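Engineer: My questions all concern the structure below.
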Amino acid sequence: MITGAPRGVKDLLPKQTKQWHKVEAVIRQITREYGFEEIRTPIFEHSEVFHRGVGETTDIVQKETYDFTDRGGRELTLRPEGTAPTVRALLEHKLYAGPLPVKLYYVGPMFRFGRPQAGRLRQFHQFGIEVFGSASARVDAEVMAMAMDFYGRLGLTDLELLLNSIGCPTCRPGHREALQQFLAPKVGELCSDCQKRFEKNPMRILDCKNERCQELSQGAPTTVEYLCTDCADHFNEVKTLLDSAGVTYTLDDRLVRGLDYYTKTAFEIVSRQIGAQSSIGGGGRYDQLVETLGGPTTPGIGFGLGLERVLLTMENQGLLADDDQEQRDLFIATAGAGTAAVAFRLMQELRQRGMTVEMDYQGRSLKAQMKTADRFHVPRVMIIGESELAQGVVVLRTMSTSEQQTVPLDSVIAHLCGTAEPPMSV
RNA sequence: GCGGUUGUGGCGAAGUGGUUAACGCACCGGAUUGUGGCUCCGGCAUUCGGGGGUUCAAGUCCCCUCAAUCGCCCCA
Numbered sequence: 024m025i026t027g028a029p030r031g032v033k034d035l036l037p038k039q040t041k042q043w044h045k046v047e048a049v050i051r052q053i054t055r056e057y058g059f060e061e062i063r064t065p066i067f068e069h070s071e072v073f074h075r076g077v078g079e080t081t082d083i084v085q086k087e088t089y090d091f092t093d094r095g096g097r098e099l100t101l102r103p104e105g106t107a108p109t110v111r112a113l114l115e116h117k118l119y120a121g122p123l124p125v126k127l128y129y130v131g132p133m134f135r136f137g138r139p140q141a142g143r144l145r146q147f148h149q150f151g152i153e154v155f156g157s158a159s160a161r162v163d164a165e166v167m168a169m170a171m172d173f174y175g176r177l178g179l180t181d182l183e184l185l186l187n188s189i190g191c192p193t194c195r196p197g198h199r200e201a202l203q204q205f206l207a208p209k210v211g212e213l214c215s216d217c218q219k220r221f222e223k224n225p226m227r228i229l230d231c232k233n234e235r236c237q238e239l240s241q242g243a244p245t246t247v248e249y250l251c252t253d254c255a256d257h258f259n260e261v262k263t264l265l266d267s268a269g270v271t272y273t274l275d276d277r278l279v280r281g282l283d284y285y286t287k288t289a290f291e292i293v294s295r296q297i298g299a300q301s302s303i304g305g306g307g308r309y310d311q312l313v314e315t316l317g318g319p320t321t322p323g324i325g326f327g328l329g330l331e332r333v334l335l336t337m338e339n340q341g342l343l344a345d346d347d348q349e350q351r352d353l354f355i356a357t358a359g360a361g362t363a364a365v366a367f368r369l370m371q372e373l374r375q376r377g378m379t380v381e382m383d384y385q386g387r388s389l390k391a392q393m394k395t396a397d398r399f400h401v402p403r404v405m406i407i408g409e410s411e412l413a414q415g416v417v418v419l420r421t422m423s424t425s426e427q428q429t430v431p432l433d434s435v436i437a438h439l440c441g442t443a444e445p446p447m448s449v
């Protein structure tokens, strides 16, 4: 082997893709029921999209992006998240000019340069949704309800929805000032990251995981306390709606989240069962993002869910029992000159009628072919030998009972399919 | 980016300086005439992640490197 796959990326082998298909099927279904349509944006964008969209001060932009210069000298970045590209596409194609709100979803790979560990890859996959053009609290509630519905449909339990409101440009300056006043005497004791945050984005000190910082920020003014009436009303309505729909949540006034574009509602879904990387999804409202990227004032909200972490949680909750084995309808075994061509012809005709059929590729012994047939768990095996061919018949063996019957070659397809006619082509 | 642990055939796993690197599973083949699942027999690592060093001698010791894994940071 010359090299393995690069660090932090993984192949998904048949055993896994089978599981992914199940999750993807749920995504397809739930998005249809909630009225979302799919958007597929490129895997890379002009770096600018993320620098301005996600925010220069975020960890993602500062140290986790995959940046490169193409042969034309353009500064490009592999997408670390799905919201900024979606907004870019919204603007480029003027989707905001149509009926609002615009409800989009995406599924695909994202790239972040970090040290790999359980639940953290450099290429990972997200399922995300975005709603543009409505500032209504109903949309906030719907987005969160949908996320929880999604997990529920996959059978996941013991998840926690953390909820907070981090205000808007009207109320945030007041909070920021109060927070800086509160922390001013202790700045020197904060961790180095938080010392920088103190000036640039003091709010993020609230959810710093450093123990000392947590102690120092005990009793600090929370965003909720400084919400303007608009944000407060909005937040209350969101909670009321979630309550009425029976969506349980935990208020967390220190939840801030690492992307700069969030306003008002911020939420995160965590699982206690997948190691240190406990967040399996999160999102929030971003009422200024579209403007920031050069579009018209358009409120928005969305979530992004990590599919690897979802699968990991499912695995830990025993929801991935790989019960489905290889299942074929028929195996055709051959023995002797001229039999393979007949078998091949029959196999193709049967496949065109919808049966899953296999035959041997290497001209192995009948015994070896039977062994293979057994592994495919086929209910029946068609055996075509030289003597049968001479008589114009084939043998059909029922594996479970070892019973065999002889069927004329020219009626075996009708015998197996119930009709000799292939289905109408599409 | 930082710290801990680990790296032997497709997988699991013995082997703690000294002849031809256990074993289990999987896979392939065979057990008198063209037939599966059980059993039996046989095959399957010139090589121990990669590179360098120490030694008469290294899978076993040292260094570097790559990767995996767990944690920190952050987040999905």
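In the working numbering, each number is its position in the first sequence, counted from 1, plus 23.
The beta-carbon is built from N, C-alpha and C at its ideal position, and this holds for glycine as well.
Values in this document were obtained by computation on a predicted structure and should not be read as measured data.
#1: What is the C-beta distance between G281 and I83, in whole angstroms, given that I count them as a contact (C-beta under 8 Å)?
#2: Using 8 Å as the threshold, is the C-beta distance between L177 and V46 below it?
#3: What is the DSSP secondary structure of R368, counted as helix, strand or coil?
#4: Spatial neighbours of G325 within its chain, please: C-beta separation below 7 Å, excluding the five flanking residues on both sides.
#5: Where does S434 land, buried or exposed, given buried means 16+ other C-beta within 10 angstroms?
#6: For A396, tell me which candidate among R376, M422, E87 and G58 has the shortest Cα-Cα distance.
#7: Find out if the Cβ-Cβ distance for the pair F272, L342 is shorter than 8 Å.
#8: So the candidates are Q85, F91 and F67; which of them puts its Cα closest to the Cα of T109?
#9: Identify, in the order they occur along the chain, each residue of the same chain with its Cβ nearer than 7 Å to the Cβ of F134, setting aside the five sequence neighbours on each side.
#10: Tell me which residues share the same chain as E87 and place their Cβ nearer than 8 Å to its Cβ, disregarding the 5 neighbours each side in the sequence.
#11: Once DSSP output is grouped into helix, strand and coil, what is the label at E411?
#12: Touch check for the region 186-200 and the region 359-373: three-plus C-beta pairs under 8 Å?
#13: Do you know whose CA, among D163, E60, P124 and Q428, lies nearest F290's CA?
#14: If you scan the region 176-231 from start to end, which runs of the alpha helix (DSSP H) of 4 or more residues do you find wholly inside it?
#15: How would you label S448, buried or exposed, when you count the other beta carbons within 10 angstroms and need 16 or more for buried?
#16: Tell me where the alpha helix (DSSP H) around R111 begins and ends.
#17: Using three-state DSSP, classify S70 as helix, strand or coil.
#18: Look at the alpha carbon of L123 and the alpha carbon of G323, and state the distance between them as a whole number of angstroms.
#19: Let me know the secondary structure DSSP gives T245 once reduced to three states.
#20: Sort T288, R220, V270 and I53 by Cα distance to V247 and report the nearest one.
#21: Of all the beta strand (DSSP E) runs that stay within the bounds of the region 297-370, which reach a length of 3 or more residues?
#22: Runs of 4 residues minimum, wholly inside the region 30-71: which ones carry the alpha helix (DSSP H) assignment?
#23: Are the region 307-315 and the region 218-232 in contact at 8 Å, needing three or more beta carbon pairs?
#24: Measure the beta-carbon distance from L229 to E212 and round it to whole angstroms, keeping in mind my assumption that it falls under 8 Å.
#25: Quick one: Cα of M436 to Cα of G269, how far?
#26: Hey, quick one: how far does the beta strand (DSSP E) through T429 stretch, first residue to last?
#27: With distance defined between alpha-carbon atoms, name the residue in E98, K33, H74 and L113 nearest to R63.
#28: Could you say which of R94, Y284 and G175 lies nearest to G76 if we only look at CA atoms?
Structural biologist: According to the structure shown:
#1: By one-based count along the first sequence, residue 281 stands at place 258. By one-based count along the first sequence, residue 83 stands at place 60. Rounded, the Cβ-Cβ distance is 7 Å, consistent with contact.
#2: In the first sequence, counting from the first residue as 1, residue 177 sits at position 154. In the first sequence, counting from the first residue as 1, residue 46 sits at position 23. Yes.
#3: Reading the first sequence from its first residue, position 345 is the one you call residue 368. It is helical.
#4: On the first sequence, position 302 is the one that residue 325 refers to. Closer than 7 Å at Cβ, skipping near neighbours: T106, G151, I152, E153, V154, V166 and G306.
#5: For the purposes of this step, residue 434 is taken as residue 411 along the first sequence, with counting starting at 1. Burial call: exposed.
#6: In the first sequence, residue 396 corresponds to position 373, counting from 1. Closest by C-alpha distance to A396, out of R376, M422, E87 and G58, is M422.
#7: Start at 1 with the first residue of the first sequence, and residue 272 comes out as number 249. Start at 1 with the first residue of the first sequence, and residue 342 comes out as number 319. It should be pointed out that residue 272 corresponds to Tyr in this sequence rather than to Phe. Not in contact: Y272 and L342 (Cβ atoms no closer than 8 Å).
#8: Taking the first residue of the first sequence as position 1, residue 109 is located at position 86. Of the candidates Q85, F91 and F67, the one whose C-alpha sits nearest the C-alpha of T109 is F67.
#9: By one-based count along the first sequence, residue 134 stands at place 111. Here the set comprises Y89, L101, R102, P103, R145 and Q146.
#10: Position 64 of the first sequence, counting from 1, holds the residue named residue 87. Here the set comprises P103, R135, F136 and G137.
#11: The residue given as residue 411 occupies position 388 in the first sequence. Residue state, collapsed to three classes: helix.
#12: As far as the Cβ criterion goes, the region 186-200 does not touch the region 359-373, which means the pair count is below three.
#13: For this step, residue 290 is matched to residue 267 along the first sequence. For the residues D163, E60, P124 and Q428, the minimum Cα distance to F290 belongs to D163.
#14: Entirely contained in the region 176-231, the alpha helix (DSSP H) runs reaching 4 residues are, in chain order, 195-206 and 215-223.
#15: The residue given as residue 448 occupies position 425 in the first sequence. Because the pLDDT at S448 is just 48, under 50, the model does not fix this residue reliably, and the point stays unresolved.
#16: The residue labelled residue 111 in the question sits at position 88 within the first sequence. In the DSSP annotation of this structure, the continuous segment of the alpha helix (DSSP H) that includes R111 starts and ends at T106 to E115.
#17: Sequence index remark: in the first sequence, residue 70 carries index 47 (1-based). When secondary structure is reduced to three states using DSSP, S70 falls in the helix class.
#18: Looking up residue 123 in the first sequence gives position 100. Looking up residue 323 in the first sequence gives position 300. A direct Cα-Cα distance of roughly 11 Å separates L123 from G323.
#19: For the purposes of this step, residue 245 is taken as residue 222 along the first sequence, with counting starting at 1. The three-state secondary structure of T245, taken from DSSP, is coil.
#20: Start at 1 with the first residue of the first sequence, and residue 247 comes out as number 224. Among T288, R220, V270 and I53, the Cα nearest to that of V247 belongs to T288.
#21: Complete beta strand (DSSP E) runs here, min 3: 302-308, 323-329 and 353-358.
#22: Within the region 30-71, the complete alpha helix (DSSP H) runs of at least 4 residues fall at 37-56.
#23: Output reads no: the region 218-232 does not touch the region 307-315.
#24: Numbered from its first residue, the first sequence carries residue 229 at position 206. Numbered from its first residue, the first sequence carries residue 212 at position 189. So it is not a contact: roughly 16 Å between Cβ atoms.
#25: Residue 436 sits at position 413 when you count from the first residue of the first sequence. Residue 269 sits at position 246 when you count from the first residue of the first sequence. With the sequence shown as reference, residue 436 is identified as Ile, and Met is not the correct amino acid for it. Looking at the two C-alpha atoms, the distance is approximately 55 Å.
#26: To locate residue 429, count along the first sequence from 1; it is residue 406. Start and end: E426 to P431.
#27: Along the first sequence, read from residue 1 onward, the residue named residue 63 stands at position 40. Closest by C-alpha distance to R63, out of E98, K33, H74 and L113, is L113.
#28: As a first step, residue 76 is located in the first sequence; it is residue number 53 there, counting from the start. Among R94, Y284 and G175, the Cα nearest to that of G76 belongs to Y284.
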